[in-house]
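Numbering (this note's numbering), first residue to last: 10 to 634. To start, the structure itself, in structure tokens.
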Amino acid sequence: MIEPPAASARDAAPPALPELPAPLAPSEPRTPTEPFAPRAAEADGSGARHGWWRGAVIYQVYPRSFADGNGDGMGDLPGARARLPYLRDLGVDAVWFSPFYASPQADAGYDVADYRAVDPAFGTLHDADALIRDAHALGLRVIVDLVPNHSSVRHEWFRRALAEGPGSPLRERYHFRPGRGTDGAQPPNDWESVFGGPAWTRTTDPDGTPGDWYLHLFAPQQPDFDWEHPAVAEEFRSVLRFWLDMGVDGFRVDVAHGLVKARGLPDIGGSGHLRLLSGEVVPFFDQEGVHEIYRDWRALLDSYAGERIAVAEAWTPTVERTAHYVRDDELHQAFNFQYLETPWDHAALRAVIDRSLDAMNEVGAPATWVLSNHDVSRHATRFASGPGAGPQTRDPGDRALGLRRARAATLLMLALPGSSYLYQGEELGLPDVTDLPDEVRQDPSYFRGDGQDGLRDGCRVPIPWTREGGSCGFGAGGSWLPQPASWPELSVEAQTGDPGSTLEMYRAALAVRRDHPGLGAGDGVEWLGAPEGVLAFARPGFVCTANTTARPVRLAAPGRPLLSSAPQDGADATSGGHATSGGHATPGENVTPGEPVVLPPDTTVWWSLTPARPRAATEQPRKPH
């Protein structure tokens, strides 16, 4: 019988949180749902007709790597709660928390044993309630992860299904099948796991004889639910209600494309590990039956006050297929992974932007842009080699080049209509840690083969908060993955107040989006003529220009410079000259429309089409970032 090792012991009396702001006052658990009260900028009526989520900027917190509140080396909910003011000041609209549910952590919490409990490593239900309440008090909405494709092998249903043996009704809630070949010694079909190796594991019956096989599209510790069984659908309706009643504002739906499998679980007829954006049509992903599930969920979400939402993690062959998940009676958002995988090339970017906007407009949904998350290499690393690497890479590349492009790519993304998701630490310009020793890696795909290259640990290293301390302010007890020597100078402390830092660029960009809601609103862009290698498009009151080439490009200023991804590390741009960055001229604040300017290599600039307001005599000029 499959039985994972027992979970490690947890500290009973955690030490005080070091160097972190004091948490907000503790609160009693909520009984009735308290609808989110929007910040003033959201409550003025602008865009309200279309929903807050259409143009929101949402920040992903990977709890174990964000902030450690009890000093055990792993991030937790009290640590995240203490850092909520940082997220408010960054300027995001909502925070998505990766799983913190009870789990043996075979896949970093995406193997859930109890969907209504918080794992002791992360805290308690009271901590979750306090986190939600404090986020709302700061004007931040809260989105939690939902993992409906599979459970943990420690989930009560699966444990009982194994213990009761063949014929147990609980086995019908998963995909148990007899094997092929002599004595059923071969898997039931030829499917392979996304993490590498067969997608089937054989059980041992209670009497000790080899038994049936069960399906797991990911790790063996993650058995897939059979969504044709009505008990599965009812259980997840109950889980949704539980967290909605706790006050969450939405859900990120893990493996949203994988819940329904083709009838009969047919062979694929090929071999080789599955690539999530390969374009293959496979019988276990993107089946039509998933849409009935999401129509049911949408009705449930709409029954709650406060515009609760769901965002799909749907790896589909095309963006047109992704759009099926966000039809007006299904989910609200779906990550645009085609955009995430696009190289740093103007033609490729323009093509995927056009296709994405067209596909979403067909169903009346906003585009949802993303550049990094916990499953792919950070874009500061992906863009560090050639035109850009694939979703995972072992090559650290040219880090200066990667950061320059990452900053430019971020401003390009934030100028597009729709919602944007940020991954913790990207606002610090963090690269992947590509040289982690094998003995510290924990990603199950690393140990099961090359299905996803097994490199996700590199983007999950705990983020740095301070220059000093054994874990750069992450916590008092080190960090569960080692931090590199470069982390102190990339920390929040080191970058705060530095006008050329990546952190201050993100803060400035999000402030502009909040002051000018038109940047996230709408459903299209107006492309403008531009030199080869440059993307130029207009939005209401703004123009965005992005030079994707390795050379400076001269053009006529389309408006008043508002924000540049190139650090202003030369002359004072407010003095009437042009600041320099790496020896190239960067448009300064006093540039007038039509004036010749030079865009440095790999640089994005936002331009305002409205005149600057007159400055009061006592007002100090603000230097652009």
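Beta carbons: idealized from backbone N, C-alpha and C, even for Gly.
The C-alpha of ALA424 is placed about 29 Å away from the C-alpha of ASP404. ALA170 and GLY506 have their C-alpha atoms roughly 57 Å apart. Cβ neighbours of VAL534 within its own chain (closer than 6 Å, five residues either side excluded): PHE546. For ASP305, the enclosing alpha helix (DSSP H) stretches over residues 299-311.
When the Cα atoms are used, LEU421 and ARG168 turn out to be separated by approximately 48 Å. In the DSSP assignment, ILE141 falls within the unbroken alpha helix (DSSP H) covering 134-146. In this structure VAL257 is buried. Its beta-carbon is surrounded by 16 or more other beta-carbon atoms within 10 angstroms.
Around ALA389, the same chain offers GLY411, LEU412, ALA415, GLY438 and PRO440 as residues with beta carbons nearer than 6 Å, after the five sequence neighbours per side are excluded.
Straight through space, the alpha carbons of ASP81 and GLY100 are spaced by roughly 30 Å.
Judged by DSSP secondary structure, VAL449 falls outside any alpha helix (DSSP H); it is assigned neither H nor E. A check of alpha carbon separations from ARG182 across ALA172, TRP166 and TRP474 identifies TRP166 as the nearest. Around the CB of THR511, 16 or more other CB atoms lie within 10 Å, so the residue is classed as buried.
Around the beta-carbon of LEU380, 16 or more other beta-carbon atoms lie within 10 Å, marking it buried. In chain order, ASP77 and GLY80 place their CB closer than 6 Å to the CB of GLY484, counting only its own chain and leaving out the 5 sequence neighbours on each side. Per DSSP, TYR183 lies in no alpha helix (DSSP H) and is assigned neither H nor E. With a minimum length of 4 residues, the unbroken runs of alpha helix (DSSP H) contained wholly in the region 488-557 fall at 501-504 and 511-524. Annotation: PHE551 to PHE293 spans about 44 Å, alpha carbon to alpha carbon. Assignment of PRO175 by DSSP, reduced to helix, strand and coil, places it in the coil class.
Rounded to the nearest whole angstrom, the C-alpha separation of SER112 and ASP120 is 6 Å. Going by DSSP, GLY220 is part of the beta strand (DSSP E) stretching over 219-224. Taking 8 Å as the cut-off, the beta carbon of LEU96 is found closer than this to the beta carbon of LEU149.
Our two residues, VAL299 and GLY267, have alpha carbons roughly 8 Å apart in a direct line.
Around the C-beta of VAL449, fewer than 16 other C-beta atoms lie within 10 Å, and the residue is accordingly described as exposed. Here ARG246 is near LEU309, since their CB atoms are less than 8 Å apart. Under DSSP, PRO605 shares a beta bridge with ALA565. Annotation: SER429 to PRO396 spans about 22 Å, alpha carbon to alpha carbon. The beta-bridge partner set that DSSP reports for GLY259 consists of ILE152 and ILE318. Taken atom to atom, the span from the alpha-carbon of THR191 to that of TYR334 is near 42 Å. The beta carbon of PRO493 lies closer than 6 Å to those of VAL442 in the same chain, with the five residues before and after it left out. SER617: not part of any alpha helix (DSSP H); member of the beta strand (DSSP E) spanning 612-617, first to last residue.
In this structure, the straight-line span from the alpha carbon of ALA503 to that of GLU477 is close to 10 Å. If you draw a straight line from the Cα of LEU519 to the Cα of LEU528, it comes to about 10 Å.
Its chain contains LEU86 and ARG90 as the residues whose beta carbon lies nearer than 6 Å to that of LEU140, once the 5 sequence neighbours on both sides are disregarded; these appear in chain order. For ILE362, the enclosing alpha helix (DSSP H) has its first and last residue at 355-372.
In the three-state scheme derived from DSSP, where H, G and I count as helix and E and B as strand, TRP252 is classed as helix.
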